[in-house]
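Novice: Sending over a structure as structure tokens; questions will come in a sec.
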Amino acid sequence: MDRLRGEYQENYGMGAESNGNSVGGGRDAGADDAIDGPVIFSCSKCRTILGDTFAYVASIPERNYFGLQAVPESVVCSPKCKTSSERGEEGSMFHELSCGECHQIVGRKYLTTTRDIDLIRGTFALDIQKVITYELGKCLGNKPASTDVPPPEFYTSIAFHDDLGMVKSNVTAIAAKLQKLEQIIMRLPQANTSPRSAPPPGGRKRSSAHGLNPEIYHVDSSKRFTR
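First residue of the sequence shown? That's 15 in our numbering, and the numbers climb one at a time after it.
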């Protein structure tokens, strides 16, 4: 990464923007400063991000092109193949690259090249005149970015608070359901708790069918009642 960053700075000598306009914490092109952090490439027209130096491969300063091995979906590759007639790359075949937001042509993807531009063949070659650059960490000025890593307890504490919040939510939901159930029970009619009537004198039980005592009478199905 340091080698690529050094090569990029050596070829273009910029610490902020390629077109000389300051953006965010950047400085004007040509300023005598070093590129210490990753650089983001954006469309000069709509500021859509087109790539960064993590994907930087090589550059051709004479042609104002630098190649990236990968680009985000915001870069659209034209399906139509064209043949270049420009001096130094005659006969080279390429697809045009455009910004997916504003449709500005921002570069080329070469399929075949001459020897002069062979370094960027097969890469996503962006036109340095169509992009602006911003170095991450420039807003800190000369203060180096912190490299401290949070201790493991930091992440454990976050997980604990997440679990505690989940338990609290579950307890609240259960309490609400119990309260609702209690209200339903309170609205139910009260059960009849009055004492049963005492049995008739003598302790004899009456038949529920005809009021006859089964201990005294028996029934003959073919005759009348007998005793």
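Cβ atoms here follow ideal geometry from the backbone N, Cα and C, with glycine treated the same way.
Quantities reported herein were computed from a predicted structural model and do not represent experimental measurements.
#1: In angstroms, rounded to a whole number, what distance separates the CA positions of residue 106 and residue 150?
#2: Whether or not the region 176-185 and the region 109-125 are in contact is what I'm after, with contact meaning three or more pairs of Cβ atoms, one per stretch, closer than 8 Å; do they touch?
#3: When you compare the region 123-135 with the region 55-68, are there three or more beta-carbon pairs, one atom per stretch, that lie closer than 8 Å?
#4: Pick out whichever of 127, 66, 101 has its Cα sitting closest to the Cα of residue 109.
#5: Pull up the distance between the alpha-carbon of residue 133 and that of residue 74, whole angstroms please.
#6: If we ignore side chains and look at the alpha-carbon of each, how far apart do residue 52 and residue 141 end up?
#7: What is the DSSP secondary structure of residue 190, reduced to helix, strand or coil?
#8: How would you write the range of the beta strand (DSSP E) that residue 95 sits in, first residue to last?
#9: What runs of the alpha helix (DSSP H), each 4 residues or longer, lie entirely inside the region 132-156?
#10: In the DSSP assignment, find the beta strand (DSSP E) that holds residue 68 and state where it starts and stops.
#11: Helix, strand or coil for residue 104, going by three-state DSSP, please let me know.
#12: Out of 92, 90, 76, 70, which one is the CA nearest neighbour of residue 83?
#13: May I have the straight-line CA-CA distance separating residue 89 from residue 101, to the nearest angstrom?
#14: Determine the direct distance from the alpha carbon of residue 80 to that of residue 60, and round the result to whole angstroms.
#15: Check the DSSP bridge columns for residue 57 and list the partner residues they point to.
#16: Identify whether residue 202 lies in helix, strand or coil by the three-state DSSP scheme.
#17: At the level of alpha carbons, what is the spacing between residue 196 and residue 185?
#18: Please report the Cβ distance between residue 131 and residue 103, rounded to the nearest whole angstrom; I am assuming they are in contact, meaning their Cβ atoms lie under 8 Å.
#19: Among the candidates 67, 68, 72, 76, whose CA atom is the shortest distance from the CA of residue 143?
#20: When the Cα of residue 92 is compared with those of 99, 113, 72, 192, which residue comes out closest?
#21: Roughly how many angstroms lie between the CA atoms of residue 115 and residue 190, to the nearest whole one?
#22: Would a check of beta-carbon distances place residue 128 closer than 8 Å to chain D?
Specialist: Walking through what the data contain:
#1: 35 Å
#2: no
#3: no
#4: 127
#5: 8 Å
#6: 19 Å
#7: helix
#8: 89-97
#9: none
#10: It is not in any beta strand (DSSP E) - residue 68 carries neither H nor E in the DSSP assignment.
#11: coil
#12: 70
#13: 26 Å
#14: 20 Å
#15: 145
#16: coil
#17: 16 Å
#18: 5 Å
#19: 76
#20: 113
#21: 50 Å
#22: As a matter of chain content, chain D is missing from the structure shown, which is built from one protein chain.
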